[in-house]
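K.L.:
Below you'll find the structure I mean.
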Amino acid sequence: MAEASRQVQMTESAATRIQELIKNEGNSDLMLRLQVSGGGCSGFQYEFSLDDKSGSDDHVFENHGAKMVVDEVSLDLLGGAEIDFVRELVGAAFRVNNPNASSSCGCGSSFSI
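The sequence shown stops at residue 196 when you use my numbering, and every number in between is there.
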């Protein structure tokens with residue numbers, strides 16, 4: 084079992100949305116891939132995609148029946164984070180609650196440490 088600081092959790096709302104996306108794609112092997120890359124208005128940005136493969140440097144997390152894959156480098160920046168899916172008047176999106184981020188942009192898609 085991995086340390087809690089090396090885990091990425093997801094809420095039931097996020098898991099439900101992932102399952103909806105996978106159903107729409109028609110490929111039950113798909114997982115949500117969460118990556119961190121350089122860029123964005125705060126230094127790093129979150130990238131979400133669907134992927135049916137995981138590599139040797141990937142970590143797969145499962146919560147509420149949905150799977151998420153995070154690569155080793157991104158996990159260093161995401162350890163202890165929780166992924167949520169929120170619906171607001173301005174739209175719906177995945178939101179990352181990242182305890183490692185010292186600040187984030189207004190839209191929540193980028194952060195700094």
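Glycine is no exception: its CB is placed at the ideal position from the N, C-alpha and C atoms.
Can you grab the Cα-Cα spacing for the pair Met93 / Gly126, in whole Å?
P.N.:
Looking at the two C-alpha atoms, the distance is approximately 24 Å.
K.L.:
Roughly how many angstroms lie between the CA atoms of Glu171 and Phe177, to the nearest whole one?
P.N.:
Going from the Cα of Glu171 to the Cα of Phe177 covers about 11 Å.
K.L.:
Quick check: the Cα distance between Val119 and Ser157, rounded to an integer number of angstroms?
P.N.:
Roughly 5 Å between the two C-alpha positions.
K.L.:
Name the one or two DSSP bridge partners that Leu113 has.
P.N.:
DSSP, once it has assigned bridges, lists no residue as partnering Leu113.
K.L.:
What's the C-alpha gap between Leu95 and Asn181?
P.N.:
It is Glu, not Leu, that sits at residue 95 in the sequence shown. Each residue's Cα considered, the two are about 17 Å apart.
K.L.:
DSSP puts His147 in a beta bridge; with which residues?
P.N.:
In DSSP, His147 forms no bridge with anything.
K.L.:
Which residue or residues does DSSP assign as beta-bridge partners of Glu165?
P.N.:
Glu165 is bridged to Gln92 and Asn180.
K.L.:
Indicate the three-state DSSP secondary structure (helix, strand or coil) for Val173 in the structure shown.
P.N.:
In the structure shown, Val173 sits in coil (DSSP, three-state: anything other than H, G, I, E or B).
K.L.:
Is the beta carbon of Gln102 closer than 7 Å to that of Ala175?
P.N.:
No.
K.L.:
If distances are taken between C-alpha atoms only, which option among Gly138, Gly163 and Leu160 comes closest to Val152?
P.N.:
Nearest of Gly138, Gly163 and Leu160 to Val152, Cα basis: Gly138.
K.L.:
Could you pull the DSSP bridge partners for Glu130 from this structure?
P.N.:
Bridge partners of Glu130: Gln118.
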